[in-house]
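Chains as they are written, first to last, in our numbering: chain W, 373 to 546; chain H, 375 to 913. Read the structure below first, then the notes.
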Amino acid sequence: MLVDFILENKRTIIKNWTDLTFDTYPPEGGSFMRKQKDPFANPVGAAIVNGAEALFDWVVGGSKDYSPDLIRRLDDIVRIRAVQQFSASDSLSFLFLLKRSLRESIPENMMNDRHLFSELLKLESRIDSLALTSFDIYMKCREKLFEMRAMEIRNRTSRILERACMKYGAPHDW
Amino acid sequence: MDLHDLPKPQDLMNINLNKPPETGWMDNPAVFRDGTYSYPAAGKNLKRLGMPNPREWAPTDQDWKLPDNWQEIILKGMKERLEKYRSFRLFMDICVRCGACADKCHFFIGSGDPKNMPVLRAELIRSVYRNDFTLLGKMLGRFGGGRELTIDVLKEWFYYFFQCTECRRCSVFCPYGIDTAEVTMIGRELLNLVGLNINWVMEPVANCYRFGNHLGIPPHGLIDMWEFMADDIEDITGIKVNLPINKKGAEILFVTPSGDYFADPGTYTCMGYMMLFHELGLDYTWSTYASEGGNFGLFTSHEMIKRLNAKIYAEAKRLGVKWILGGECGHMWRVVHQYMETMNGPADFLEEPVSPITGTKFENAKQTKMVHITEFTSDLIKNGKLKLDPSRNDKVIATYHDSCNPARAAGLLEEPRYVIKNVVNNFYEMPENTIREQTFCCGGGAGLGNDENIEMRMRGAFPRASALNHVVAKHDVNRLLCMCAIDRATLTALTHYWAPDVMVGGIHELVANALIMNGEKDRTVDLRGEPLGDEEEDE
Numbered sequence: 373m374l375v376d377f378i379l380e381n382k383r384t385i386i387k388n389w390t391d392l393t394f395d396t397y398p399p400e401g402g403s404f405m406r407k408q409k410d411p412f413a414n415p416v417g418a419a420i421v422n423g424a425e426a427l428f429d430w431v432v433g434g435s436k437d438y439s440p441d442l443i444r445r446l447d448d449i450v451r452i453r454a455v456q457q458f459s460a461s462d463s464l465s466f467l468f469l470l471k472r473s474l475r476e477s478i479p480e481n482m483m484n485d486r487h488l489f490s491e492l493l494k495l496e497s498r499i500d501s502l503a504l505t506s507f508d509i510y511m512k513c514r515e516k517l518f519e520m521r522a523m524e525i526r527n528r529t530s531r532i533l534e535r536a537c538m539k540y541g542a543p544h545d546w
Numbered sequence: 375m376d377l378h379d380l381p382k383p384q385d386l387m388n389i390n391l392n393k394p395p396e397t398g399w400m401d402n403p404a405v406f407r408d409g410t411y412s413y414p415a416a417g418k419n420l421k422r423l424g425m426p427n428p429r430e431w432a433p434t435d436q437d438w439k440l441p442d443n444w445q446e447i448i449l450k451g452m453k454e455r456l457e458k459y460r461s462f463r464l465f466m467d468i469c470v471r472c473g474a475c476a477d478k479c480h481f482f483i484g485s486g487d488p489k490n491m492p493v494l495r496a497e498l499i500r501s502v503y504r505n506d507f508t509l510l511g512k513m514l515g516r517f518g519g520g521r522e523l524t525i526d527v528l529k530e531w532f533y534y535f536f537q538c539t540e541c542r543r544c545s546v547f548c549p550y551g552i553d554t555a556e557v558t559m560i561g562r563e564l565l566n567l568v569g570l571n572i573n574w575v576m577e578p579v580a581n582c583y584r585f586g587n588h589l590g591i592p593p594h595g596l597i598d599m600w601e602f603m604a605d606d607i608e609d610i611t612g613i614k615v616n617l618p619i620n621k622k623g624a625e626i627l628f629v630t631p632s633g634d635y636f637a638d639p640g641t642y643t644c645m646g647y648m649m650l651f652h653e654l655g656l657d658y659t660w661s662t663y664a665s666e667g668g669n670f671g672l673f674t675s676h677e678m679i680k681r682l683n684a685k686i687y688a689e690a691k692r693l694g695v696k697w698i699l700g701g702e703c704g705h706m707w708r709v710v711h712q713y714m715e716t717m718n719g720p721a722d723f724l725e726e727p728v729s730p731i732t733g734t735k736f737e738n739a740k741q742t743k744m745v746h747i748t749e750f751t752s753d754l755i756k757n758g759k760l761k762l763d764p765s766r767n768d769k770v771i772a773t774y775h776d777s778c779n780p781a782r783a784a785g786l787l788e789e790p791r792y793v794i795k796n797v798v799n800n801f802y803e804m805p806e807n808t809i810r811e812q813t814f815c816c817g818g819g820a821g822l823g824n825d826e827n828i829e830m831r832m833r834g835a836f837p838r839a840s841a842l843n844h845v846v847a848k849h850d851v852n853r854l855l856c857m858c859a860i861d862r863a864t865l866t867a868l869t870h871y872w873a874p875d876v877m878v879g880g881i882h883e884l885v886a887n888a889l890i891m892n893g894e895k896d897r898t899v900d901l902r903g904e905p906l907g908d909e910e911e912d913e
């Protein structure tokens, strides 16, 4: 079973995956995120490391449902990357880097086994479904940003407008 | 099938993984991505202030319409400031690049961009200093860490000096005491010399200069707003509060940021002041002239701080008050505490502040003659002068964000906590390395709290949000308290994006909720018009 092999190598695969993800940042930033273990001094690193394990467990675990915890972990990472200096595809690229980490962990003699190969395809499809979900989260985050911009412009003077409308008899409920 | 022959996912998608640039930091020009920079100042605002090079331009333009001799202007400005401010020269000379500050900036932590490391941010200007003002730099050039002031360097200054909120967290960790905020301040002063500034700073400055407050509200507009709040208070408490405005001979002049007049949730804090002062029977006055505690001059130049701050003493003198009381404000407090007396003093026409209610002498304010509202209120509580029912705030599970300027710059750490603990039953601190002197910035101070900069703000806000989410998960915290008007606006966006179940508010909003006022009607709602806890309704 490929899954058994992958579970045996869980630590290495996750470590390689998070390292690849940290490499998407400029070197000084990535190195800091990798090294600083205090979650409050390094919240981006903490979200990536904690999220990676939960996402890995789901991909390998075989459950079809997205638990609220899984979504939260995915959200934790996507929400951060949605406001960083990435294009949309770069933002979500971290999920596909799990594929690379998985493939690189599998020794050559296991590669040619058709049965194991189909198992790998299944795992990769599960990563794809996470990617689609993360796209929804990403869009919600970006939409939220624009909603916030509109809200800020409105709130800046909300009381003045409310007062002016009351004074001159215009409707003043938002 | 050989799995290793498969194209890698990133090849398939042609993803650019932002691999580290091949060139060193000196040669990477800034990239102006929408959402990460602030719009430049409108020409009309610079004209009003008599500032150089008023024009319309955009950071994404190739041509920034600078004066032909911009290099000469900047270098001359640097020379003047190196001679005038010993701190600036010292900060340029003594950094040994130990890296203690490197990972302390909220923008670096949230973005991973090395130029947001305080040491490198300062290096942007230090490299030019070395090149043009030190012998070693003149001789060795790049090998000595020097760099010529080119247009790309100037653009980089604009990008990164308007990506520092001057919160000074990095300076807490510097073994030499280098204050990167002051480097940013000088950096911005220099940029201003050639007309590089942002509208979110210059419009409030121009309005403040003309009208006395950031939004440019004329006196009758202010009075209208204050009366509006007094009406709301009457609806909630049944009490028509005393509202003295421009009252000559009052004992105390009250000055607070105008952000609290017009925008929720600051308005509730402002109502809180009115209720407290009414209940105390305080002989005080609001002013339509000194109608702004905030001072965006701090984000412009030393000269501009002085110009805008002058109105506070001038108004105190005109009205003939004895001393000045300041509301919940962040950077106003840094200006008042650290610059006001030197710039616009001596305030020898005022008296050393004494609380008329408790008789306490505020000796710490001997020089400036200005007291912070949390000092004033904590003294009232300590002396048992307020009747408080904290259970009226039982729906609130609070934590406290130390606003950078009052906390780190002015040491107001205990007073706000003392007040909060006396008006709220449920209060939980965020993790130790994110509060008090080590507090994380809201991500929108120093003029960066504008909507176009929202993406950068959210990056900078993330360290604060992560600590907040910790107490949300652990204690169900639902209110983020702060004592800064900028915070009340910017933290609202922070919670909206990072912690949607948390509301933001000021301290005196909760003081007023808990305050049992003489002759008040049975209170059923809080200052936000929301029902009080079930216990209250049963009473």
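For every residue, glycine included, the Cβ atom is placed at its ideal position computed from N, Cα and C.
Residue burial classification, residue i (beta-carbon count within 10 angstroms, cutoff 16)
i      : result
T384/W : exposed
E913/H : Residue confidence for E913/H is low, a pLDDT of 41 falling below 50, so the modelled location carries little weight and cannot support an answer.
R471/H : exposed
Q456/W : buried
F458/W : buried
H775/H : buried
R584/H : exposed
A413/W : buried
T397/H : exposed
M425/H : buried
G623/H : exposed
Three-state secondary structure assigned by DSSP to residue i
i      : result
Y774/H : strand
M706/H : helix
M804/H : coil
R897/H : coil
R542/H : coil
L762/H : strand
R407/H : coil
P488/H : helix
C537/W : helix
C548/H : coil
G879/H : strand
Interface partners of residue i on chain W, CB under 9 Å
i      : result
H870/H : K516, E519, M520, M523
I828/H : V455, L517, F518, M520, R521, E524
Cross-chain neighbours of residue i in chain W, by beta carbon under 8 Å
i      : result
S914/H : Any answer about residue 914/H is impossible in this case: the structure gives chain H only from 375 up to 913.
E497/H : Correct list: empty, because the minimum Cβ distance to chain W is about 12 Å.
N807/H : D410, F412, A413
S661/H : Simply none; closest approach about 19 Å.
T641/H : R531
Inter-residue Cα distance where the pair is residue i and residue j
i      : j      : result
G586/H : A536/W : 21 Å
L379/W : S403/W : 27 Å
A432/H : N581/H : 22 Å
N381/W : D401/H : 41 Å
Y663/H : Y635/H : 14 Å
H849/H : D763/H : 22 Å
G486/H : A783/H : 26 Å
R460/H : V493/H : 19 Å
V695/H : G423/W : 59 Å
W371/H : E522/H : It is not possible to answer for residue 371/H, since the shown part of chain H is limited to 375 through 913.
N443/H : F481/H : 33 Å
T869/H : F673/H : 25 Å
I499/W : G433/W : 12 Å
S439/W : A841/H : 24 Å
L656/H : N827/H : 41 Å
Min CB distance residue i to chain B below 8 Å
i      : result
T384/W : Within the model displayed, chain B is absent; protein chains W and H are what it includes.
Proximal chain W residues relative to residue i, where beta-carbon distance stays under 7 Å
i      : result
D598/H : R535
P488/H : P398, E400, G401
Closer than 7 Å at the beta carbon, the chain H residues around residue i
i      : result
I452/W : F836
M511/W : The contacting residues do not exist; M511/W stays about 14 Å from chain H at best.
Chain H residues whose Cβ lies nearer than 9 Å to that of residue i
i      : result
M373/W : The contacting residues do not exist; M373/W stays about 17 Å from chain H at best.
Alpha helix (DSSP H) runs contained entirely in the region 410–481 of chain H, provided each spans 4 or more residues: 417–423, 444–458, 460–468
Every unbroken alpha helix (DSSP H) within the region 379–405 of chain W, with a cutoff of 4 residues, ordered by chain: 382–394
Those runs of the beta strand (DSSP E) which lie wholly inside the region 637–722 of chain H and span at least 3 residues: 697–700
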